[in-house]
Ligand code: DC
């Protein structure tokens, strides 16, 4: 059985790595960030007041389906900010953790393993994973990658700079919330390989990770 845990900052390359490893080893992949985003997007759709976000997010998580999360609408910055805000609630985390555990049990039984990415996978959800990776990169390069994903063509250079600056601010704020929350903060697991992808593309990252996995698999 092969369980792979991937954590790290947004736009560090962790999601692409998880997808590629899932294909390479034919094991299911769960992007746990999308689960928080799904709850966040339902909250934002609700026109009711957001005073009791903790309770509201739990109610939504209990009745939501987390199938078919690959939806571009969940990728907005607004949803990302709300996802990070609600991810501090331990009761919400417990509900989502149970769903993640169900996915793990099913994947291990049917496919002999799984790969999950998020913020607390190596430290909590797959604490006994065979392989743990923590992926990070400089804030400037991460913001540039996000901007490229958005595929916007700018008329003026200044507009592009403004957008980049606002992305940097959002990402820094979100990293701070994710790193400093009391329950399951974003930190590398003690036994994780920490990889900086600032000057590395997705193929290079995959080849480094594959070498680490296969080196260990066959020793
Ligand atoms: O990976 P992402 O950017 O889609 O995640 C959105 C937010 O969800 C992130 O800022 C924090 C939260 N999250 C979390 O707290 N724990 C996870 N395992 C995954 C995501």
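Numbering (our numbering), first residue to last: 1038 to 1256. For glycine and all other residues, C-beta sits at the position ideal for the given N, C-alpha and C. This one's a predicted model, so the numbers in the text were calculated from it and none came from an experiment.
Kindly indicate which three-state DSSP category residue 1256 falls into: helix, strand or coil?
Residue placement at residue 1256 is flagged as unreliable, the pLDDT there being 46, under the threshold of 50; the coordinate-derived value follows with that caveat. Three-state DSSP puts residue 1256 in coil, outside helix and strand.
By Cβ distance below 6 Å, which residues in the same chain neighbour residue 1256 in space, the five residues on each side in sequence not counted?
Bear in mind that a pLDDT of 46 at residue 1256, under 50, signals an unreliable position, so the number given afterwards is only what the model happens to contain. Excluding residues within five positions, none has a Cβ falling inside 6 Å.
Reducing DSSP to helix, strand and coil, say where residue 1128 ends up.
It is helical.
When you compare only the Cα positions, how much space is there between residue 1046 and residue 1155?
Their backbone Cα atoms lie some 9 Å apart in a straight line.
Taking the C-alpha atoms as reference points, what is the distance between residue 1190 and residue 1184?
Approximately 10 Å, taken between the alpha carbons.
What do you get for residue 1094, buried or exposed, if any count of 16 or more other CB atoms within 10 angstroms of its CB means buried?
With 16 or more Cβ atoms within 10 Å of its Cβ, residue 1094 is classed as buried.
Extract the residue ranges of the beta strand (DSSP E) inside the region 1130 to 1167, only unbroken runs of 3 or more that lie entirely within it.
You should have 1150 to 1155.
For residue 1205, which residues does DSSP report across the bridge?
Bridge partners of residue 1205: none, in fact.
Going by beta carbon distance, what residues of the same chain come within less than 7 Å of residue 1121, once the five residues before and after it are set aside?
Correct list, in chain order: 1211, 1214 and 1215.
Could you check what DSSP says for residue 1100 in three-state terms: helix, strand or coil?
Residue 1100: helix per DSSP, three-state reduction.
According to DSSP, which residues form a beta bridge with residue 1066?
DSSP lists 1152 as partners of residue 1066.
Among residues of its own chain, excluding the 5 on either side of residue 1181, which ones have a beta-carbon nearer than 8 Å to its beta-carbon?
These residues qualify, in order along the chain: 1201.
Can you give the Cα-Cα distance for residue 1067 and residue 1193, rounded to whole angstroms?
Approximately 38 Å between the Cα atoms of the pair.
Does DSSP put residue 1246 in a helix, a strand or coil?
Helix at residue 1246.
Let me know the secondary structure DSSP gives residue 1045 once reduced to three states.
Here residue 1045 sits in strand by DSSP.
Quick test of your reading: residue 1042 and residue 1143, contact by CB under 8 Å. State the CB separation rounded to the nearest angstrom.
Between residue 1143 and residue 1042 the Cβ distance is about 17 Å, and since that is not below 8 Å, they are no contact.
Leaving out five residues before and five after residue 1197 in sequence, what residues of the same chain have Cβ atoms less than 7 Å from its Cβ?
These residues qualify, in order along the chain: 1191.
Restricting to Cα atoms, I'd like to know which of 1052, 1044, 1162 and 1058 is closest to residue 1251.
When only C-alpha atoms are compared, the closest one is 1058.
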